[in-house]
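Student: Take 45 as the starting number for the sequence shown in the numbering used here and just add one per residue. Even for Gly, the Cβ is constructed at its ideal location relative to N, Cα and C. What you are looking at is a predicted structure, and each value in this text was computed from that prediction instead of being measured.
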Amino acid sequence: MQKPEDQKKFVDWLNHMLHDKLVNLRDRLHQTLDYNGGNMEKFPAAKEGDDRWKPVQKVPTGGPGYGTMDVNMPPSSAAQMDKVLTHLGLPVLTP
Numbered sequence: 045m046q047k048p049e050d051q052k053k054f055v056d057w058l059n060h061m062l063h064d065k066l067v068n069l070r071d072r073l074h075q076t077l078d079y080n081g082g083n084m085e086k087f088p089a090a091k092e093g094d095d096r097w098k099p100v101q102k103v104p105t106g107g108p109g110y111g112t113m114d115v116n117m118p119p120s121s122a123a124q125m126d127k128v129l130t131h132l133g134l135p136v137l138t139p
């Protein structure tokens, strides 16, 4: 985002986001950054399994009989990020 018009487009995108969606997106991206040690070179455009990846997954809450809970999954590729944005009802930014 070197061009001022691209920077403005990004800032406007963030500023028009509902607070709960912004918080959800921020939390997921923090998890992604933590997982990659802050190195976004480890964030590929696509990876194996993207077609099966879901932005919210059910995980067990304990042993047998305890049930499951929905967990917001952090994206590990740009293709997964697009799925997160779609799940949140946010437009995908294009250059």
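What's the C-alpha gap between serine 120 and proline 88?
Tutor: Rounded to whole angstroms, serine 120 to proline 88 spans 7 Å at the Cα level.
Student: So is valine 18 buried or exposed if we call it buried at 16+ other beta carbons inside 10 Å?
Tutor: In this structure the chain extends from 45 to 139, so residue 18 is not present and cannot be described.
Student: Below 7 Å CB to CB, which residues in the same chain sit around tryptophan 97 once its five sequence neighbours on both sides are set aside?
Tutor: For tryptophan 97, where only same-chain residues beyond five positions count, the Cβ hits under 7 Å are Gln124 and Lys127.
Student: Which first and last residues belong to the beta strand (DSSP E) in which aspartate 114 is found?
Tutor: Aspartate 114 -> beta strand (DSSP E) spans 112-116.
Student: Hey, how far is the Cα of methionine 45 from the Cα of proline 108?
Tutor: Cα-Cα distance, rounded: 49 Å.
Student: Does DSSP put valine 136 in a helix, a strand or coil?
Tutor: DSSP places valine 136 in coil when its eight states are reduced to three.
Student: Which residue comes first and which comes last in the alpha helix (DSSP H) that contains lysine 53?
Tutor: Note, lysine 53: alpha helix (DSSP H), 48-59.
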